[in-house]
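Reviewing the structure listed below.
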Amino acid sequence: MDEKTFAYFQNRVKEKIADFEIYQFGEKETQQFSKAEVLNFLQEFLREGDTKEECDYFSKAILLECYHYDSCLYYLKEEKNPETNKTNIYFWDLHNKKRLPEEIKKIILQEHTFIPSQSKTEAVFPIRGKHNIQEEMKYPSNEKVIIGALEVKSPYPLHDHDLFFLEKYCRRLGMGIHFFDFLEYNQKLTQHIIDMLTVASHDIRGPLNSIAVGLKVLGKELYGKLDPKVKEVVKSLYRKSNNLSLTLNTYLGETSLFSGHLAIKKKKIDYRTDIINPLLEEFSEAFAKNNILIDESMGGIPEGRISIRADRIWLLAVYGNLFSNVIKYGGPGCTMAFGFEDWGDHYRLNVFNTGRPLDPSEQEKLFHKFSRIEGEETKNVKGAGLGLYFVKEIIEGHGGKIWYEPKPDGSNFVFTLPKD
514 MDEKTFAYFQ NRVKEKIADF EIYQFGEKET QQFSKAEVLN FLQEFLREGD TKEECDYFSK
574 AILLECYHYD SCLYYLKEEK NPETNKTNIY FWDLHNKKRL PEEIKKIILQ EHTFIPSQSK
634 TEAVFPIRGK HNIQEEMKYP SNEKVIIGAL EVKSPYPLHD HDLFFLEKYC RRLGMGIHFF
694 DFLEYNQKLT QHIIDMLTVA SHDIRGPLNS IAVGLKVLGK ELYGKLDPKV KEVVKSLYRK
754 SNNLSLTLNT YLGETSLFSG HLAIKKKKID YRTDIINPLL EEFSEAFAKN NILIDESMGG
814 IPEGRISIRA DRIWLLAVYG NLFSNVIKYG GPGCTMAFGF EDWGDHYRLN VFNTGRPLDP
874 SEQEKLFHKF SRIEGEETKN VKGAGLGLYF VKEIIEGHGG KIWYEPKPDG SNFVFTLPKD
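Numbered according to the working numbering, the sequence shown spans residues 514 to 933.
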């Protein structure tokens with residue numbers, strides 16, 4: 514263990530003890546810590562840490578300063594023998610680079626405390642994890658879900674109440690180890706996702722740009738006259754490829770990928786011309802195929818009526834998702850309507866469909882990451898459950914709010930957007 518580093522954590526614990534003594538949080542005559550307070554110390558210091566190594570330092574410093582215990586924290590590891598192809602699990606001390614003896618390991622893996630001497634001045638305690646995350650965190654497989662062990666050496670005999678306290682201490686340590694493992698796991702997973710998206714973005718952009726250039730050349734009839742219907746199809750494909758390029762640059766651009774939040778670039782747009790019309794054209798074939806009626810009898814969103822500063826690409830994604838959900842969940846033969854209300858400093862907008870209204874339990878899942886509506890009518894609907902989560906992120910990124918309103922004759926998704 515690096516003594517200089519340990520001294521830093523030891524001083525942090527001493528500062529906590531000094532504060533404790535100044536404000537007399539303990540018993541007035543003895544000024545001793547209660548065991549509950551020491552457990553709270555551990556929890557507070559674990560919140561300060563960033564790694565399992567710091568968890569180790571804090572744990573050792575607390576026991577040393579509060580009870581004069583010398584301690585050593587071990588983590589359960591596994592290794593595969595390339596010759597026998599057998600996996601061996603062992604307890605490993607990160608700082609002192611040593612293993613827990615084999616005979617003690619067997620006792621700890623049975624979830625028992627090991628007390629090696631009659632004097633009861635030493636003990637080794639198991640540190641447990643949770644069954645439901647054992648596989649995800651890649652912990653070595655064992656029936657009791659042991660993830661580590663704490664070795665304690667005391668200058669005086671350990672009584673039953675001391676052993677009970679140290680068992681509780683190990684439970685808090687287990688929570689800390691889980692937290693830091695999750696933190697490391699999520700950091701690695703996030704970096705992997707970013708790396709994969711960066712590669713995908715790079716590999717898609719080139720061919721997509723080539724397609725757009727080819728369609729533009731065809732549309733200008735540089736290779737010969739086109740049938741009017743074919744020319745309209747080419748123009749439509751060119752617009753869609755451009756929109757796809759813009760979407761790709763927005764979703765997978767460096768600003769969005771590496772900043773950790775949506776990169777919203779607001780420009781003046783006409784809601785009908787820039788958002789609604791392109792999507793009605795894009796979804797026209799799918800709506801017709803599913804016999805979905807577009808009802809604008811109540812006014813819809815007229816051209817020139819809503820002119821706001823917003824990110825066109827992100828709002829296309831919002832309506833694209835809501836229109837897509839009309840097909841998925843409204844079902845064939847349903848009616849879709851959309852409209853707006855002027856509420857002074859902001860607009861209230863909605864997308865309604867005459868599909869089945871959602872139950873309260875289903876409504877609770879909306880707008881949460883990886884949440885999907887399950888049911889007989891949606892069992893064949895594909896998706897990761899991220900669409901409405903991103904819709905909510907986009908609307909809130911614009912300074913608005915979104916919610917769901919069940920209606921007797923259908924489902925209504927409502928959101929607000931500020932005028933400026």
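Beta carbons are placed, not taken as given, at the ideal position from N, Cα and C, and that holds for glycine.
In this text the structure is predicted, and so the values were computed from the model without any measurement.
- In the same chain as GLY923, and ignoring 5 residues on each side of it, the C-beta atoms closer than 7 Å to its own belong to PHE865, ASN866, THR867, GLY868 and PRO870, in chain order.
- Taking a contact to require three or more Cβ pairs closer than 8 Å, the segment 902-910 and the segment 795-808 do not qualify as touching.
- The three-state secondary structure of LYS920, taken from DSSP, is strand.
- At the C-beta level, SER723 and LEU761 stay beyond 8 Å of one another.
- DSSP places PRO614 outside both helix and strand once states are collapsed to three, so it counts as coil.
- Taking a cut-off of 8 Å on C-beta distances, the segment 572-592 touches the segment 521-529, as three or more cross pairs fall below it.
- Residue pairing by DSSP places PRO639 opposite ALA662 in a beta bridge.
- Looking at HIS608, LEU721 and ARG612, the one whose alpha-carbon comes closest to that of ASN601 is ARG612.
- Here ASP855 is actually not in contact with ARG825; their C-beta atoms are around 21 Å apart, not less than 8 Å.
- Each residue's CA atom was taken as its position, placing ASN553 and THR929 some 44 Å apart.
- DSSP places ASP824 in the coil class of the three-state scheme, outside both helix and strand.
- By the beta-carbon neighbour count (other beta carbons within 10 angstroms, threshold 16), GLY719 is exposed.
- DSSP, reduced to helix, strand and coil, places GLU528 within a helical segment of the structure shown.
- For ASP569, same chain residues with a beta-carbon under 7 Å away, outside a window of 5 residues either side, are LEU586, LEU607 and HIS608 in chain order.
- For ALA799, the three-state secondary structure derived from DSSP is helix.
- Annotation for ILE886: no alpha helix (DSSP H) segment contains it, and DSSP assigns it neither H nor E.
- The criterion of a C-beta distance shorter than 8 Å is satisfied by GLU624 and LYS657.
- According to the DSSP secondary-structure assignment, VAL746 is paired through a beta bridge with no residue.
- The continuous beta strand (DSSP E) containing LYS781 extends over residues 780-783.
- A distance below 6 Å between beta-carbons, with the five flanking residues on each side excluded, links VAL831 to the following residues of its chain, in chain order: VAL904 and ILE907.
- Under DSSP, ASP583 takes part in a beta bridge, and its partners are LYS666.
- The alpha-carbon separation between ASP716 and LYS729 amounts to approximately 21 Å.
- Residue pairing by DSSP places GLY852 opposite ASN863 in a beta bridge.
- Here LEU686 is not near ALA636, since their CB atoms are 8 Å or more apart.
- A direct Cα-to-Cα measurement between ASP515 and PHE522 gives close to 11 Å.
- Here VAL747 has LEU728, LEU731, GLY732 and LEU739 as same chain residues with Cβ atoms under 8 Å from its own Cβ, once five neighbours each way along the sequence are excluded.
- For ASN601, the uninterrupted beta strand (DSSP E) segment begins and ends at 600-606.
- Burial is judged here by how many other beta carbons sit within 10 angstroms of a residue's own beta carbon; PRO653 has at least 16 and is buried.
- Taking one beta carbon from each stretch, the segment 587-598 and the segment 547-561 have fewer than 3 pairs nearer than 8 Å; the two do not touch.
- Taking C-alpha positions only, LYS619 is separated from PRO639 by approximately 11 Å.
- If you draw a straight line from the Cα of ASP933 to the Cα of ARG818, it comes to about 15 Å.
- Scanning its chain for C-beta atoms nearer than 7 Å, with the 5 sequence neighbours on each side dropped, one finds around ASN594 the residues ASN601, in chain order.
- A distance below 8 Å between beta-carbons, with the five flanking residues on each side excluded, links ILE690 to the following residues of its chain, in chain order: LYS565, CYS568, TYR588, ILE640, GLY642, ILE660 and GLY661.
- Between PHE851 and ILE814, the C-beta gap is smaller than 8 Å, which places the two residues in contact.
- Our two residues, ARG785 and SER874, have alpha carbons roughly 34 Å apart in a direct line.
- Distance from the Cα of ILE886 is smallest, within the candidate group ASP808, GLY843 and TYR860, for GLY843.
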